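Student: The structure that follows is given in the form of structure tokens.
Numbering (the numbering used here), first residue to last: 1233 to 1351.
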């Protein structure tokens, strides 16, 4: 393989707060911060087994529906229990269609993601 994915980058207003939500939601063990040449500080969640989640602060809010989103699945809890846990962390349910096996949710900055059944 010539190229590999290093990170999924999320534009956000509050990088620290959004990184804290996703760190708790996904259990990333390590948080790293770094500043670019323009003085912008990024927050990166790292784990040895999966790509990083990188939170990049931007001045504007989310303009519309995500063009890319995360699909996540609990490894210990049942799907409904995981949805409830994520709501307690600050997420909200956007859609819970009976005909589909996923629940569409939004993180604290309104980025959509789906919770699938436990795997």
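Even for Gly, the Cβ is constructed at its ideal location relative to N, Cα and C. The model shown is predicted, which means the values in this text are computed figures rather than measured ones.
#1: Note down the Cα distance separating residue 1274 from residue 1238, rounded to an integer number of angstroms.
#2: Using the three-state DSSP reduction, which class does residue 1250 fall into: helix, strand or coil?
#3: From the DSSP secondary-structure annotation, give me the bridge partner or partners of residue 1185.
#4: Thinking just about the alpha-carbon of each residue, which of 1343, 1305, 1307 and 1348 is nearest to the one in residue 1322?
#5: Which full runs of the alpha helix (DSSP H) of 4+ residues lie inside the segment 1241–1293, going along the chain?
#6: Using the rule of at least 16 other Cβ atoms within 10 Å of the residue's Cβ for burial, across every protein chain shown, is residue 1316 buried or exposed?
#7: For residue 1350 versus residue 1306, is the C-beta distance shorter than 9 Å?
Tutor: The structure says:
#1: Computed Cα separation, rounded: 15 Å.
#2: Here residue 1250 sits in helix by DSSP.
#3: Any property of residue 1185 remains undetermined from this structure, which presents the chain solely from 1233 to 1351.
#4: Cα-wise, what sits closest to residue 1322 is 1343.
#5: Counting whole runs of 4 or more residues, the segment 1241–1293 contains the alpha helix (DSSP H) stretches 1247–1258.
#6: Exposed, since its Cβ has fewer than 16 Cβ neighbours within 10 Å.
#7: The Cβ atoms of residue 1350 and residue 1306 sit closer than 9 Å to each other.
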